[in-house]
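All remarks here apply to the structure that follows.
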Amino acid sequence: DVDYIRQYINDYILFNKVSPVVIIDYLQIIPGREQDRNDKERVDYVVTELKRISRDFNISIIVVSSLNRTNYLTPIDFESFKESGGIEYTADVVWGLQLQVIHESIFSKNGDLKRKRDLINRAKKANPRKIELVCLKNRNGISNYSCVFDYYPKYDLFISKEDFEADWIGYQGGQI
24 DVDYIRQYIN DYILFNKVSP VVIIDYLQII PGREQDRNDK ERVDYVVTEL
74 KRISRDFNIS IIVVSSLNRT NYLTPIDFES FKESGGIEYT ADVVWGLQLQ
124 VIHESIFSKN GDLKRKRDLI NRAKKANPRK IELVCLKNRN GISNYSCVFD
174 YYPKYDLFIS KEDFEADWIG YQGGQI
């Protein structure tokens, strides 16, 4: 729970004399308080407490969140995040990953659910998978950007399209 996370971070800093970057995988499994009546209240409480921990220790906390299944067939947005409006208001930066196939024209139209699901399933089976990281919020900077990647699931490896092209150009010029 968040109390354990806070204590662990405190102990880590005292013992190692260094501030960590904390990565939590994933938000929806962190238990809340007994008085939380539903998953939304629990997740909102956890998000708020993680933000408080981040401020108290002056550290970065990266939290992985699941998405609503109903949003798999639409471009990622704040409504895509499962069980929490608190993410939108509490987080300093919000990124989302989506398959690039979501930009095909069929996804901007109503209907044809079977074809949309088929395209998503094919994109998930591709190797490499064409992935886009979308910035939805950046409290202290630009928030309207995205980055594209080739994702190799066998190696859990993301390669930026720009990095690959720069490496290839360098190789062609004998620089690598």
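Residue numbering for the sequence shown follows the numbering used here, starting at 24 and increasing by one per position.
A virtual CB, placed ideally from N, CA and C, is assigned to each residue, including glycine.
Being a predicted model, the structure only gives us computed values, none of them experimental.
Exercise for the section: Check Pro-161 in the structure and name its three-state DSSP category. Expected result: Indexing the sequence shown from 1 puts residue 161 at position 138. Reading off the sequence, residue 161 comes out as Asn, not Pro. It is a strand residue.
Exercise for the section: Classify Lys-40 as buried or exposed, calling it buried when 16 or more other Cβ atoms lie within 10 Å of its own Cβ. Expected result: Counting from 1 along the sequence shown, the entry for residue 40 is found at position 17. Counting the other CB atoms within 10 Å of its CB gives Lys-40 a total below 16, which places it among the exposed residues.
Problem - Start and end residues, alpha helix (DSSP H) containing Leu-208 - result: For residue 208 there is no data in the structure shown, the boundaries of the chain being 24 and 199.
Exercise for the section: Ignore the nearest five residues each way along the sequence and tell me which others in Ile-125's own chain have a CB closer than 7 Å to its CB. Expected result: Numbered from its first residue, the sequence shown carries residue 125 at position 102. Excluding the 5 residues flanking it on each side, Ile-125 has same chain C-beta neighbours closer than 7 Å at Pro-98, in chain order.
Handout entry: Euclidean distance between Cα positions of Ser-183 and Glu-72
Key = Sequence index remark: in the sequence shown, residue 183 carries index 160 (1-based). Sequence index remark: in the sequence shown, residue 72 carries index 49 (1-based). Pairing Ser-183 with Glu-72, the inter-Cα distance amounts to about 33 Å.
Exercise for the section: State the Cα-Cα distance for the pair Val-87 and Ser-131, rounded to the nearest angstrom. Expected result: Position 64 of the sequence shown holds residue 87. Position 108 of the sequence shown holds residue 131. If I take the Cα positions, the gap works out to 27 Å.
Handout entry: Rounded Cβ spacing between Glu-155 and Ser-166 (contact assumed at less than 8 Å)
Key = Reading the sequence shown from its first residue, position 132 is the one you call residue 155. Reading the sequence shown from its first residue, position 143 is the one you call residue 166. That pair is no contact at about 15 Å.
Practice task
May I have a chain-ordered list of the alpha helix (DSSP H) segments no shorter than 4 residues that lie completely inside the segment 69-124?
Solution key: Listed in chain order, the complete alpha helix (DSSP H) runs (minimum 4 residues) inside the segment 69-124 are 109-113.
Exercise for the section: Output the distance between the C-alpha atoms of Arg-140 and Trp-118, rounded to the nearest integer angstrom. Expected result: Counting from one through the sequence shown, the residue named residue 140 turns up at place 117. Counting from one through the sequence shown, the residue named residue 118 turns up at place 95. If I take the Cα positions, the gap works out to 23 Å.
Handout entry: Segment limits, beta strand (DSSP E) that includes Tyr-168
Key = In the sequence shown, residue 168 corresponds to position 145, counting from 1. It is not in any beta strand (DSSP E) - Tyr-168 carries neither H nor E in the DSSP assignment.
Problem - Three-state class that DSSP yields for Lys-132 in the structure shown - result: Here the question's residue 132 lines up with position 109 in the sequence shown. Lys-132 falls in the coil class under three-state DSSP.
Exercise for the section: Identify whether Lys-153 lies in helix, strand or coil by the three-state DSSP scheme. Expected result: Here residue 153 is taken as the residue at index 130 of the sequence shown, counted from 1. The answer is strand: DSSP assigns Lys-153 an E or B state.
Practice task
Grab me the residues of Leu-96's own chain with a C-beta within less than 6 Å of its C-beta, minus the 5 sequence neighbours each way, in chain order.
Solution key: The residue given as residue 96 occupies position 73 in the sequence shown. Excluding residues within five positions, the ones whose Cβ falls inside 6 Å are Lys-139.
Problem - Which of helix, strand or coil DSSP assigns to Val-45 - result: Here residue 45 refers to the residue found at position 22 when the sequence shown is read from its first residue. It is a strand residue.
Exercise for the section: State the start and end residues of the unbroken alpha helix (DSSP H) segment that holds Arg-29. Expected result: Taking the first residue of the sequence shown as position 1, residue 29 is located at position 6. For Arg-29, the enclosing alpha helix (DSSP H) stretches over residues 25-39.
Problem - Same chain, Cβ closer than 7 Å to Ile-84, five either side skipped, listed in chain order - result: Position 61 of the sequence shown, counting from 1, holds the residue named residue 84. So the qualifying residues of the chain are Val-45, Ile-47, Leu-73, Ile-76, Ser-77.
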